[in-house]
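Protein chains in written order, with my numbering: chain A, 1 to 347; chain B, 348 to 691. We treat Cβ as the ideally placed atom computed from N, Cα and C, and that holds for glycine.
Spelled out as structure tokens, the structure:
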């Protein structure tokens, strides 16, 4: 096992070479994908045209690159990273590979408020409902996501927070939200149902800078915070008694990490909808690529970003001019890859 | 040297278990009576009895015989099936989060259904259910095969769970792509998804009955083996268990039970998730009792939820899946909060 210690200001981490390699490799891949994403679309551009469009304000391509393609691609990558990081934290705390932000009530809560909003506002979307047009879908999603998480957290809290109880309570609450969502989908007009389904699947269509900024800010604040927390996260994977014996103050550490996971997932969902499978699969893929004992945070985020970026490239080009929701493609891509990794691990 | 030393289990335990079984049977019976008499048109029990024993073609007779009875029987079957399947699934995966949908049956059924609509122009309920059933069976065989590859002694619980989740996500993605492109498929899908046992005639009951009966039989056969397996694979092996066989029988039972009920009634797999958590405090960890308890609780819960759904939002009905979640989940949450959760 090749690891080396990293010491900063009295704190030390074990850094694994494999983890570093996966993260850096992911970064390079992500860069290439972003470049490709800039070139491909209704107007195909050469590298020179992309560069010209990026830096020359007067170029005809400037608008396409800077207002359409770049913010969309960035939203995808950042949202993917945020969801994956959130999933990695939750899987570590719950010690369960099936756990994802869904069980914290974030994505399901957001789905309920958004579907309710879309169905209630009727076919004249944004025109009829004063509330929806003022708040907009992202605000509605953020409200639902944080509200859902607050409900789960409150119900799971009982003289401290047990990871196991949190997961079970989360499943109960998620079931209520999901079924209310199903019901809302049956009462609306079938066209509204379709529009709501696009959002539920997770879509990057028409995402602009206003979707990039919140996710970027959330990542900028929460990534350093969660990395500081890895040390307690490493300890949290042991049973509660062991953790206490190791001298980790369990409840504050766990509560902070969960809060970070909730915020990451909520902000990401508000920007692009609950993109399927990234939060669940990316940590599991990263774990198998780095061969570590539990989901590695940075590598997971990188895998999530790459997965979402590839998926979006496919979603908007393969069936052109029809654009599929990106969430459809993340699952179609991520699932076989995860299965392949499970196979390899067994052999 | 006395008889009590040879019989480690005192008589009282067996006695208590039988009484619990009887109480649960009574609960199912009450559910059946409620389900037959209550609805948009209330039927007095005497008239209901008349319709069942000596039908003479009155309006009540027709309501009871063509609508209420098939609906009730389907509710009992699906509840039994999903409850037993949930307990089996959680036992085999040793994961309390496992629901019978984990093998991909729910998404397999959904995908086959919407695919049959756009590719083959299927348009009748019976056709949807046949396709759903086939899709559910194929998906779970696929999941099992994936979990099996490269390992000895059958799939490990974690691989099975992950493979199931991956296949489900894959199929769900294809399903949503189809329903986003085809409005008729979307319309069928959204009502199936909400989960309902209404408006399915006796032909649907006959359609799923053989699968569910076969599944229940396999489940009962599987219970002792599962008890041994829950001691850990090594212990089970040294006790002479054929692990691969036990797992295969268990997974086949789950597939038949949940595949048939999900194809006929929509995504109700949540019943299978919560019911074993309700049954475990009553039964302990012995699967020979846990399975029947789970099945009976599942049936009673499903009937109760269906009856509530009929009366709560007149003149319409609330789908049983929605009521189940609204009813079952808070109960489940309270239960989880109150006791120290059972670790599997």
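Asked                                                                                                                                                                         : Found
Pick from B:516, B:467, B:623 and B:532: whose alpha carbon is nearest that of residue 648 of chain B?                                                                        : B:623
Taking Cβ-Cβ distances shorter than 8 Å, what residues in chain A pair up with residue 533 of chain B?                                                                        : 190, 193, 194 and 197
Is the beta carbon of residue 635 of chain B less than 8 Å from the beta carbon of residue 547 of chain B?                                                                    : no
For residue 420 of chain B and residue 377 of chain B, what's the separation of their Cα atoms in angstroms?                                                                  : 13 Å
Quick one: Cα of residue 424 of chain B to Cα of residue 494 of chain B, how far?                                                                                             : 29 Å
Please list, in chain order, the chain A residues whose beta carbon lies closer than 7 Å to that of residue 523 of chain B.                                                   : 197, 201 and 328
Name, please, each residue of chain B whose Cβ falls closer than 7 Å to the Cβ of residue 96 of chain A.                                                                      : 444
With the cut-off set at 8 Å, would you say residue 322 of chain A and residue 202 of chain A are in Cβ contact?                                                               : no
Inspect the beta-carbon positions of residue 155 of chain A and residue 680 of chain B and report whether they are closer than 8 Å.                                           : yes
Find out if the Cβ-Cβ distance for the pair residue 334 of chain A, residue 307 of chain A is shorter than 8 Å.                                                               : yes
Can the beta-carbon of residue 520 of chain B be found less than 8 Å from the beta-carbon of residue 266 of chain A?                                                          : no
List the DSSP bridge partners of residue 4 of chain A.                                                                                                                        : A:15
Along the chain, where does the alpha helix (DSSP H) containing residue 390 of chain B start, and where does it finish?                                                       : No alpha helix (DSSP H) contains residue 390 of chain B, which DSSP labels as neither H nor E.
Hey, does residue 457 of chain B have any beta-carbon neighbour from chain A nearer than 8 Å?                                                                                 : no
Reducing DSSP to helix, strand and coil, say where residue 76 of chain A ends up.                                                                                             : helix
So, residue 348 of chain A versus residue 152 of chain A, is the Cβ gap smaller than 8 Å?                                                                                     : Outside the displayed span of chain A (1 to 347) sits residue 348 of chain A, for which this structure offers no information.
From the beta carbon of residue 600 of chain B, is the nearest beta carbon of chain A less than 8 Å away?                                                                     : no
State yes or no: is the C-beta of residue 285 of chain A within less than 8 Å of the C-beta of residue 341 of chain A?                                                        : yes
Going by beta carbon distance, what residues of the same chain come within less than 7 Å of residue 402 of chain B, once the five residues before and after it are set aside? : 408 and 412
As a quick exercise: from B:400, B:576 and B:660, pick the residue whose alpha carbon is nearest that of residue 435 of chain B.                                              : B:576
Using a C-beta cutoff of 8 Å, does residue 328 of chain B count as contacting chain A?                                                                                        : As displayed, chain B neither begins before 348 nor continues past 691, which places residue 328 of chain B out of reach and without an answer.
Distance, Cα to Cα, residue 101 of chain A vs residue 278 of chain A?                                                                                                         : 10 Å
Could you name the residues of chain B that residue 61 of chain A contacts, counting a contact when the two beta carbons are closer than 8 Å?                                 : Result: empty, since nearest Cβ-Cβ is about 31 Å, beyond 8 Å.
Taking buried to mean at least 16 other C-beta atoms within 10 Å of its own C-beta, is residue 655 of chain B buried or exposed?                                              : buried
Would you mind reading off the limits of the alpha helix (DSSP H) that contains residue 538 of chain B?                                                                       : 530-541
On a CA-only basis, which of A:293, A:182, A:311 and A:316 is nearest residue 88 of chain A? Give me that one, please.                                                        : A:293
Return the CA-CA distance between residue 256 of chain A and residue 229 of chain A, expressed in angstroms with no decimal places.                                           : 8 Å
Taking 8 Å as the threshold (beta carbon to beta carbon), is residue 91 of chain A in contact with chain B?                                                                   : no
Using only CA atoms, which one of B:650, B:601 and B:611 lies nearest to residue 440 of chain B?                                                                              : B:601
Say whether chain A places a C-beta atom closer than 8 Å to the C-beta of residue 527 of chain B.                                                                             : yes
Apply the 10 Å Cβ neighbour rule to residue 245 of chain A and answer buried if 16 or more other Cβ atoms are within range, or exposed otherwise.                             : exposed
Verify the CB distance criterion: does residue 294 of chain A have a CB-CB separation below 8 Å to chain E?                                                                   : No chain E is present in this structure, whose protein chains are A and B.
Measuring only the C-alpha atoms, how far is residue 471 of chain B from residue 105 of chain A?                                                                              : 36 Å
Three-state secondary structure (DSSP) at residue 447 of chain B?                                                                                                             : helix
Any C-beta of chain A sitting closer than 8 Å to the C-beta of residue 540 of chain B?                                                                                        : yes
Hey, how far is the Cα of residue 642 of chain B from the Cα of residue 67 of chain A?                                                                                        : 57 Å
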